[in-house]
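Data block below; observations after.
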């Protein structure tokens with residue numbers, strides 16, 4: 001048996017769906033579940049920092065609005081941040097942000113980026129669990 | 001708390017570039033050296049690109 005095959009056999013099988021669910025709930029948790037612990041911690045710090053920066057910059061936690069089709073995409077992106085997004089909505093005094101704040105636009109960009117980064121992590125965790133990525 | 005929030009555009013842009021560059025360097029590369037290389041390229045591209053766009057927009061303030 002060659003070395004890569006032996007290494008693959010030594011790694012316990014992990015459920016792709018569990019990896020994706022964990023990755024959505026907490027940034028990096030899917031990678032932690034798959035054994036990539038140092039990378040997982042780094043991903044957690046990066047995505048969480050981006051999301052918290054977005055909240056502190058008084059960005060908007062989007063919700064779908066009638067007549068505003070782009071809010072569908074924005075809401076999908078922000079919900080990609082998982083429990084961070086839900087916690088922020090529950091704890092925030094103004095989930096719609098402060099449109100008059102000088103940092104409002106930056107805050108929106110940070111929040112959307114954090115959610116999109118976590119969506120990429122979900123797909124990455126899926127690929128790793130399926131063996132499509134080394 | 002409010003006083004801790006930076007309002008400097010360049011600082012906010014640089015922080016954004018740092019986070020995005022670190023994220024994609026970790027996501028797209030496995031080797032440590034390759035990660036640093038991609039991080040540097042992305043960071044430089046985002047910051048210098050932002051400055052270039054700002055410079056091009058300077059004659060059009062509104």
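Chains as they are written, first to last, in the working numbering: chain B, 1 to 134; chain D, 1 to 62.
All residues carry an ideal CB built from backbone N, CA and C; glycine is no exception.
Check, Outcome
"Just to check my reading of the structure: residue 74/B and residue 121/B have Cβ atoms closer than 8 angstroms, yes? What is that Cβ distance to the nearest angstrom?", "With a Cβ gap of about 19 angstroms, residue 74/B and residue 121/B do not count as contacting."
"Buried or exposed, going by whether 16 or more other CB atoms sit within 10 Å of the CB of residue 47/B?", "buried"
"Mind listing the chain D neighbours of residue 124/B? Cutoff is C-beta to C-beta under 8 angstroms, in chain order.", "27"
"Are three or more beta carbon pairs between the stretch 58-77 of chain B and the stretch 29-38 of chain B nearer than 8 angstroms?", "no"
"Quick one: complete alpha helix (DSSP H) runs, 4+ long, within the stretch 43-90 of chain B?", "70-79"
"List the whole-angstrom C-beta distance separating residue 33/D from residue 26/D, where the pair is believed to meet the contact cut-off of C-beta under 8 angstroms.", "Their Cβ separation, rounded to whole angstroms, is 14 angstroms, which puts residue 33/D and residue 26/D out of contact at 8 angstroms."
"Can you find a heavy atom of the ligand SAH that lies under 7 angstroms from the Cβ of residue 50/B?", "Because no ligand of any kind appears in the structure shown, any question about the ligand SAH cannot be addressed here."
"For residue 108/B, tell me which candidate among 16/B, 78/B and 127/B has the shortest Cα-Cα distance.", "78/B"
"Going along the chain, which residues of its own chain have a beta-carbon closer than 8 angstroms to the beta-carbon of residue 3/B, five neighbours each way excluded?", "With a pLDDT of only 47 at residue 3/B, under the threshold of 50, the placement of this residue in the model should not be trusted; the figure read from the coordinates follows. Excluding sequence neighbours, residue 3/B sits near nothing in its chain."
"Sort 16/D, 60/D and 51/D by Cα distance to residue 39/D and report the nearest one.", "16/D"
"Leaving out five residues on either side along the sequence, give the residues of the same chain with a beta carbon under 6 angstroms from the beta carbon of residue 43/D.", "17 and 21"
"Am I right that residue 118/B and residue 27/B are in contact with their C-beta atoms under 8 angstroms? What's the rounded C-beta distance?", "5 angstroms"
"Is the CB of residue 110/B under 8 angstroms away from at least one CB in chain D?", "yes"
"For residue 46/D and residue 131/B, I'd like the C-alpha separation in whole angstroms.", "32 angstroms"
"Can the beta-carbon of residue 51/B be found less than 8 angstroms from the beta-carbon of residue 103/B?", "no"
"Please report how far the alpha carbon of residue 80/B lies from the alpha carbon of residue 29/B, in whole angstroms.", "14 angstroms"
"Is the Cβ of residue 53/D closer than 8 angstroms to any Cβ of chain B?", "no"
"Rounded C-beta distance between residue 61/B and residue 16/B? I'm assuming under 8 angstroms.", "Not a contact, Cβ separation roughly 29 angstroms."
"Mapping the DSSP letters down to three states, classify residue 41/D as helix, strand or coil.", "helix"
"Can you tell me whether DSSP reads residue 13/B as helix, strand or coil?", "coil"
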